[in-house]
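Going by our numbering, the sequence shown opens with residue 34, and the numbers climb by one from there.
A virtual CB, placed ideally from N, CA and C, is assigned to each residue, including glycine.
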Amino acid sequence: MTLANNAKNQNSRILSVGAYRPETVVPNSEIAPLIDSTDEWIQQRTGIQSRHRAKDDQSLVDMSVEAAQIAIKRANIAVDQIDSIIFATISYPYQAPSAATELAARLGANKAAAFDISAACAGFTYGVGMAADFIRGGSAKYVLVVGGEKLSDFTDPTDRATAFIFADGVGAVIIGPSESVGIGPTIWGSDVTNRDAITLEPSFLEFKNGKSVEDVGWPNIAQEGQRVFRWAVYEMAPVGRLAIEAAGITAADLAAFIPHQANERIIDSLVKSMGIPDSVEVARDIRTTGNTSSASIPLAMDQLLIDHPDLHGKNALLIGFGAGLVYAAQVVELPPKPN
Ligand SMILES: CC(C)(COP(=O)(O)OP(=O)(O)OC[C@H]1O[C@@H](n2cnc3c(N)ncnc32)[C@H](O)[C@@H]1OP(=O)(O)O)[C@@H](O)C(=O)NCCC(=O)NCCS
Numbered sequence: 034m035t036l037a038n039n040a041k042n043q044n045s046r047i048l049s050v051g052a053y054r055p056e057t058v059v060p061n062s063e064i065a066p067l068i069d070s071t072d073e074w075i076q077q078r079t080g081i082q083s084r085h086r087a088k089d090d091q092s093l094v095d096m097s098v099e100a101a102q103i104a105i106k107r108a109n110i111a112v113d114q115i116d117s118i119i120f121a122t123i124s125y126p127y128q129a130p131s132a133a134t135e136l137a138a139r140l141g142a143n144k145a146a147a148f149d150i151s152a153a154c155a156g157f158t159y160g161v162g163m164a165a166d167f168i169r170g171g172s173a174k175y176v177l178v179v180g181g182e183k184l185s186d187f188t189d190p191t192d193r194a195t196a197f198i199f200a201d202g203v204g205a206v207i208i209g210p211s212e213s214v215g216i217g218p219t220i221w222g223s224d225v226t227n228r229d230a231i232t233l234e235p236s237f238l239e240f241k242n243g244k245s246v247e248d249v250g251w252p253n254i255a256q257e258g259q260r261v262f263r264w265a266v267y268e269m270a271p272v273g274r275l276a277i278e279a280a281g282i283t284a285a286d287l288a289a290f291i292p293h294q295a296n297e298r299i300i301d302s303l304v305k306s307m308g309i310p311d312s313v314e315v316a317r318d319i320r321t322t323g324n325t326s327s328a329s330i331p332l333a334m335d336q337l338l339i340d341h342p343d344l345h346g347k348n349a350l351l352i353g354f355g356a357g358l359v360y361a362a363q364v365v366e367l368p369p370k371p372n
């Protein structure tokens with residue numbers, strides 16, 4: 034007997050965005066002395082002036098409740114209408130239950146399918162692509178996609194290659210049905226030959242096997258900065274171009290470009306090599322937010338819409354890339370102005 038298929042070929046769009054930035058602002062001047070650096074060097078090489086840091090007793094889920102509640106309110110839906118929660122993170126300190134289920138419990142979304150994805154700085158754009166496919170395939174009507182990190186728990190404040198880059202924050206969107214296409218095709222993939230370029234090691238098993246933090250160190254992010262920089266600059270421009278082409282538009286039809294906020298020089302280079310015209314607003318949230326991995330794109334989206342309210346409902350190219358190395362890009366219609 035043939036089984037039934039629930040595919041609806043339903044279009045979707047981002048209905049709303051919400052952001053949470055921890056209160057504590059950490060300027061470069063606080064970080065520089067620990068890594069023999071200067072505010073000037075950090076600003077010149079990355080564009081970062083300051084970043085936000087969560088309190089010690091503030092968990093990733095605490096922060097994500099704040100961002101998600103804003104997104105839900107702005108989308109004008111009830112919590113029990115959320116069918117699925119996709120939580121992109123690499124800094125949740127539990128393997129199970131997931132951050133998504135903890136968030137669901139705190140929101141009162143007791144029946145939503147809920148799970149975490151580990152795709153580092155591409156996690157949010159992976160999640161957006163998956164949410165659009167869930168809705169198209171009939172597996173969900175409303176999806177909460179969260180990108181959230183408390184990277185301060187997994188960053189060595191004395192590591193010259195990472196201490197000034199990584200930061201804390203959470204961004205969330207509600208994705209739901211739409212009459213027209215509000216999320217273009219996702220161009221995603223990986224370059225696993227470079228999977229040792231960014232790591233979060235050692236494994237917790239080291240501690241089970243009798244080693245101490247003194248022996249093997251705490252699991253912290255490590256990266257080969259130049260290698261990642263070169264890869265992002267050369268490999269991500271074609272991915273962005275493919276996403277624009279797949280959406281059936283040209284760069285001139287974009288109103289905004291919201292790339293992962295890894296380094297402002299990477300952003301500048303992508304703008305140039307992709308031929309993004311001056312008319313396109315480019316997100317530069319990195320200056321006051323640092324690199325928040327999976328949270329960086331929704332945080333930058335929220336800030337861009339605050340700074341430029343005319344961008345609500347206009348087309349933006351999103352491109353996420355990071356540890357794996359993995360990437361995903363899509364053109365989306367930015368959420369409408371909340372009521
Ligand atoms: C990390 C990063 C900012 C370093 O910048 P860079 O220009 O590549 O720096 P380099 O490692 O080539 O070092 C250049 C010089 O600065 C020095 N330097 C390195 N880190 C420094 C620091 N934190 N402060 C001051 N000086 C530093 C080096 O010693 C070197 O000095 P030298 O020329 O006298 O030998 C840059 O590589 C980067 O942003 N990479 C991408 C990282 C990223 O996006 N990761 C996340 C991906 S999701």
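Fully contained in the stretch 283-330 are the following beta strand (DSSP E) runs of length 3 or more, in chain order: 289-292. A284 places its beta carbon 7 Å or farther from that of G180. DSSP places W221 in the strand class (E or B) of the three-state scheme.
As a beta-bridge residue in DSSP terms, F120 pairs with D149, V179. In the DSSP assignment, L67 falls outside any beta strand (DSSP E), carrying neither H nor E. Assigned with DSSP and collapsed to three states, L275 falls in helix. DSSP places Y159 inside the alpha helix (DSSP H), whose first and last residues are 156-170.
Between L136 and S83, the C-beta gap is not smaller than 7 Å, which leaves the two residues out of contact. Taking the Cβ atoms as the reference, A230 lies roughly 5 Å from R260, within the contact range of under 8 Å. Taking all protein chains shown into account, W221 has 16 or more neighbouring C-beta atoms within 10 Å of its C-beta and is therefore buried.
In the DSSP secondary-structure assignment, S236 is not bridged to any residue. Annotation for D201: the continuous beta strand (DSSP E) segment containing it runs 201-211.
Taking the Cα of G204 as reference, the smallest distance to any Cα among L351, A333, Y127 is reached at A333. Within a 10 Å sphere around the beta-carbon of K183 sit 16 or more other beta-carbons, which makes this residue buried. The closest CA to that of N348, considering only E366, A173, D335, is found on E366. Between the alpha carbons of R54 and G323 lies a gap of roughly 11 Å. Residues of the same chain with a CB within less than 8 Å of the CB of F237, apart from the 5 flanking positions on each side, are P252 in chain order.
The closest heavy atom of ligand 1 lies 6 Å or more from the beta carbon of F187.
Per DSSP, L48 is one residue of the beta strand (DSSP E) stretching across 44-53.
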